[in-house]
Structure formats: structure tokens, C-alpha cells
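Worksheet: the structure to be examined is printed underneath.
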Amino acid sequence: MNMTKHDLRLLMLHEFKLGHNASEASANINRAWGEESTRDGTVRRWFGKFRSGTGGSGRRMLGPPRMLETAVPTSKNPHGVWV
Numbered sequence: 040m041n042m043t044k045h046d047l048r049l050l051m052l053h054e055f056k057l058g059h060n061a062s063e064a065s066a067n068i069n070r071a072w073g074e075e076s077t078r079d080g081t082v083r084r085w086f087g088k089f090r091s092g093t094g095g096s097g098r099r100m101l102g103p104p105r106m107l108e109t110a111v112p113t114s115k116n117p118h119g120v121w122v
């Protein structure tokens with residue numbers, strides 16, 4: 040399966056949100072997608088962009104949709120997950 044730059048950026052954002060450092064993230068991505076998938080320096084650069092709130096475009100990132108942050112558990116949806 041070929042991975043696009045967008046796919047790789049999403050993987051790095053996922054690792055960032057999990058609280059992994061750049062070296063851990065790079066190792067995790069390379070373990071799953073192949074040893075040449077990314078480099079520590081690339082992940083460090085993107086982590087810096089995520090920390091600053093930009094996704095590399097120079098604009099503020101919108102982040103996840105609000106509904107994911109405000110899902111409330113109910114009897115029909117006990118985990119509060121939007122379905």
C-alpha cells in the first residue's frame with residue numbers, strides 16, 4: 040500500500056496526540072509502514088508545527104470537529120461516541 044504525504048502527516052499527528060516524542064513516533068511509523076517511511080528530523084519538524092498550532096500551511100489548524108470533544112454518553116450510546 041502506498042502512503043501519501045497527507046497519510047504520513049495524519050500518522051505523525053496521531054503520534055503527537057498520543058504524547059510520543061519524535062523518535063518514538065518515527066520508530067512506530069517505520070515499524071508499521073517500513074523502515075524508509077519517515078525520519079526523526081521530519082517528525083521533529085512536524086511536531087514543532089503541531090505545537091505551534093499550524094499544520095505547515097502557516098494558518099491555524101482547526102483541530103478535530105467539536106462534536107468529537109462533546110459527545111455525551113447516553114443509555115443508547117454508553118461510550119459517548121458519535122455514530
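Sequential numbering of the sequence shown, starting at 40, is according to the numbering used here.
For every residue, glycine included, the Cβ atom is placed at its ideal position computed from N, Cα and C.
Alpha carbon to alpha carbon, what distance is there between residue j and residue i?
| i | j | result |
| --- | --- | --- |
| A64 | F55 | 8 Å |
| T43 | E75 | 13 Å |
| L57 | N69 | 16 Å |
| N41 | R48 | 14 Å |
Which term fits residue i, buried or exposed, when burial requires 16 or more other beta carbons within 10 angstroms of its beta carbon?
| i | result |
| --- | --- |
| T93 | exposed |
| T77 | buried |
| L50 | buried |
Report all residues from its chain with a CB closer than 6 Å to the CB of residue i; omit the five preceding and five following residues, and keep chain order.
| i | result |
| --- | --- |
| A61 | D79, V82, R83, F86 |
Give the single residue among the options whose Cα lies nearest to the Cα of residue i.
| i | options | result |
| --- | --- | --- |
| H53 | N41, N67, M42 | N67 |
| D46 | S91, H59, W72 | W72 |
Between which residues of its own chain and residue i is the CB-CB distance below 8 Å, once the five residues before and five after are set aside?
| i | result |
| --- | --- |
| H59 | N67 |
CB-CB under 7 Å to residue i, same chain, minus the five flanking residues each way: which ones, in chain order?
| i | result |
| --- | --- |
| R90 | none |
Query raised in the report: For the region 43-98, which segments carrying the alpha helix (DSSP H) assignment without a break, of at least 4 residues, lie completely within its bounds, in sequence order?
Result: 44-56, 61-72, 79-91
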